[in-house]
Amino acid sequence: MNERSAPVIADIDGNGRLDLFVSRTEGPISNGTILRYQQTATNSTSFTQVTNTFNSIDVGNYAMPTFTDLDGNGRLDLLIGEEDGNINHWQQVSSNNTSFTLVTANFNSIDVGTNSTPTVTDLDGNGLLDLLVGQSIGTISHFQQSTANSTSFTLVNASFNSIDVGSNSAPTVVDIDGDGRLDLLIGSLGGNIHHYQQTAPNSTSFTPVSTTIVASGSGYTTPTFADLDDNGRLDLLVGTEDGEVRYFQQGSANLTSFCTPASSTSAQSVQIWSSKCLTTNVTVTAPAGFEVSLSATSGFGTSIDLVPINGTIANTNVYTRFVPTSTGTTTGNLQVFSSGATTRTIGLTGQSVSVSLSALSGTACSGSSFTLTANASGYGPNNGTLFTFNGPGLSQSGGASSATATQTGTYSVTANKSGFCASTATTSLTATNIVDLFTLKNGQWSDATVWSCSRVPLTTDRVRIKHTVTIPTSYVAYAYKVNFDNPAPGPGGGGNAASKVTYQSGGQLRISSQ
123 MNERSAPVIA
133 DIDGNGRLDL
143 FVSRTEGPIS
153 NGTILRYQQT
163 ATNSTSFTQV
173 TNTFNSIDVG
183 NYAMPTFTDL
193 DGNGRLDLLI
203 GEEDGNINHW
213 QQVSSNNTSF
223 TLVTANFNSI
233 DVGTNSTPTV
243 TDLDGNGLLD
253 LLVGQSIGTI
263 SHFQQSTANS
273 TSFTLVNASF
283 NSIDVGSNSA
293 PTVVDIDGDG
303 RLDLLIGSLG
313 GNIHHYQQTA
323 PNSTSFTPVS
333 TTIVASGSGY
343 TTPTFADLDD
353 NGRLDLLVGT
363 EDGEVRYFQQ
373 GSANLTSFCT
383 PASSTSAQSV
393 QIWSSKCLTT
403 NVTVTAPAGF
413 EVSLSATSGF
423 GTSIDLVPIN
433 GTIANTNVYT
443 RFVPTSTGTT
453 TGNLQVFSSG
463 ATTRTIGLTG
473 QSVSVSLSAL
483 SGTACSGSSF
493 TLTANASGYG
503 PNNGTLFTFN
513 GPGLSQSGGA
523 SSATATQTGT
533 YSVTANKSGF
543 CASTATTSLT
553 ATNIVDLFTL
563 KNGQWSDATV
573 WSCSRVPLTT
583 DRVRIKHTVT
593 IPTSYVAYAY
603 KVNFDNPAPG
613 PGGGGNAASK
623 VTYQSGGQLR
633 ISSQ
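Sequential numbering of the sequence shown, starting at 123, is according to the numbering used here.
Right under this line is the structure:
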């Protein structure tokens, strides 16, 4: 491939087999031409060369192609950046035709300096296409369609989101993780592919995620995405400085995961794109345990219909809601169907888990300890489930389902298990610190077994005397306040034989409230 390659994927003839176009951007020969390869069979990762001079196109150095349908007429438009910074516009002669004719070599008078690298998407879902153009200085210019189905574009920002990847930015847009937010992947001179993500669906604001989404080597990189084998996992093709096209596959299926407690619901969005020439509505059907809607908050049901505009569904957010009725794991496929088009599925999984925490309240004694017990459900066998307690005065053996609390306050526990969602529960320990200590039997004040809390009263305790309690020789007893059950009048305020305090030699009772 000489030096530097730039791949792009399309199905230009509508035969169900993808076409791979690889431009030659620089080198000793044919450095502005485009090669066309075609899939050997539907859903194959094998391609064979059809021509090494697609439509005899030659734009000079740095040919950077991308396909779209600008005017919604069912004929593909081919935009090609080049070294001089302008964009060439070619259009398909007729639908599904492999012949293209030059419309203009100076599309919308765009000139970004040098090494223009275009890609087309609809960032904000307003039905107007957005044209992002990379350039040699590493920034990206943003142009937007003047009206729907127009070939007229106007400059929005010459420094889109202040992105600067250093040199030779080569942007492409896709939703990698199916979260409804677009991902902007940008090749660069340094061999890295920079990853930015939309801050919210239909936003034109993007934030950086990573500078090394894949290890693609050194030198120029030009990424493009497709699902070559229709397995639900994206394929990443990267053109390189040495003329190769490197192939990467997403590590796992595009899975939309939900976490929710039993009997509640959760919603998140997936983004639906359907290409040209749709003749019927696109029906999105949810599997059992899930519902779909065009709104995140209302209108959920088992299926919805998307109405094509000029045969196309573009950048439509469909909200999927998990509606469990019990704990456990639910899986299924979201189906996207239109008559005459390839049915696509998106894997869904929902985990309904819960953890409960024993409620604590009542007349527990001040200074006592309390046991907090957690119970989890929806995690399968609880072996491997770890519990994390939070709150004042806690002690817990790592990961155990119980903990000891010694203070009043609010406590929480979170259950975690590898491969499962987390769940959190809270409870309040409302035992009061001013509950009366009362006697359980006759005995000495210094004997903890005499008292209801199994401890000797402190200066902060209110004390109820229901029996005869003796303060030992030379012992100093303390209490905040002392009350007697049905005391009879007499010296010391405790004349009732069953409710009194007696003193041995040198014994004292100090009451802090007096």
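Cβ coordinates follow ideal geometry from the N, Cα and C atoms, glycine included.
*By a C-beta neighbour count over all protein chains shown, 10 Å radius and 16 as the cutoff for buried, is residue 550 buried or exposed?*
exposed
_Is the beta carbon of residue 445 closer than 7 Å to that of residue 426?_
Not in contact: residue 426 and residue 445 (Cβ atoms no closer than 7 Å).
_residue 371 - containing beta strand (DSSP E), residue span_ = 367-371
_So, with DSSP's three-state summary, where would you put residue 422?_
coil
*Stretch pair the region 506-524 + the region 571-584: three plus CB contacts closer than 8 Å*: no
*Quick one, are the C-beta atoms of residue 295 and residue 243 less than 7 Å apart?*
Their beta carbons are under 7 Å apart, which means residue 295 touches residue 243 by this criterion.
_Runs of 3 residues minimum, wholly inside the region 275-353: which ones carry the beta strand (DSSP E) assignment?_
275-279, 292-296, 305-309, 315-320, 328-332, 343-348
_Those runs of the beta strand (DSSP E) which lie wholly inside the region 404-475 and span at least 3 residues_ = 404-407, 412-415, 425-428, 435-444, 450-459, 466-474
*Proximity of residue 509 and residue 544 at Cβ, strictly below 7 Å*: no
*Return the CA-CA distance between residue 323 and residue 471, expressed in angstroms with no decimal places.*
22 Å
_Once the 5 residues before and after residue 165 are set aside, which same chain residues still bring their CB inside 6 Å of it?_
351, 352
*Hey, residue 647 and residue 367: beta-carbon distance below 7 Å or not?*
For residue 647 there is no data in the structure shown, the boundaries of the chain being 123 and 636.
*Based on the DSSP output, what are the partners of residue 159 in its beta bridges?*
Answer is 142, 171.
_residue 127 (DSSP reduced to helix, strand or coil)_ = strand
*Nearest-angstrom Cα distance between residue 419 and residue 403?*
23 Å
*Any idea if residue 541 is buried or exposed, counting beta-carbon neighbours within 10 angstroms, 16 or more meaning buried?*
exposed
*Do residue 176 and residue 197 have their C-beta atoms closer together than 7 Å?*
no
*With a 10 Å radius around its C-beta and 16 neighbouring C-beta atoms as the bar for buried, classify residue 607 as buried or exposed.*
exposed
*Burial state of residue 92 (16 or more Cβ within 10 Å)*: Residue 92 falls outside the range modelled here, since the chain spans only 123 to 636, and no answer is possible.
*Among residues of its own chain, excluding the 5 on either side of residue 432, which ones have a beta-carbon nearer than 6 Å to its beta-carbon?*
194
_For residue 270, which residues in the same chain have their Cβ closer than 7 Å to its Cβ, ignoring the five residues on either side in sequence?_
249, 250
*Return the first residue and the last residue of the beta strand (DSSP E) that residue 549 is part of.*
545-551
*Could you give the C-beta distance for residue 382 and residue 474, rounded to a whole number, given that I count them as a contact under 8 Å?*
The pair is a contact, with the Cβ atoms about 6 Å apart (cut-off 8 Å).
*CA-to-CA distance, residue 548 to residue 625, given in whole angstroms*: 47 Å
*Rounded straight-line distance, which links the Cα of residue 380 to that of residue 450*: For residue 450 and residue 380, the gap between their C-alpha atoms comes out near 12 Å.
*Using the Cα positions of residue 168 and residue 234, report the straight-line distance between them to the nearest angstrom.*
Distance between residue 168 and residue 234, taken at the CA atoms: about 36 Å.
*Within the chosen definition, does the region 304-316 reach the region 264-280 through at least 3 CB pairs nearer than 8 Å?*
no
*Nearest to residue 281 (by Cα), restricted to the options 139, 262, 387, 416*: 262
_Bridge partners for residue 209 per DSSP, in chain order?_
Secondary-structure assignment with DSSP links residue 209 through a beta bridge to 203.
*Compare the Cα-Cα distances from residue 560 to each of 546, 521, 595, 622 and report the closest residue.*
The shortest Cα separation from residue 560 among 546, 521, 595, 622 belongs to 622.
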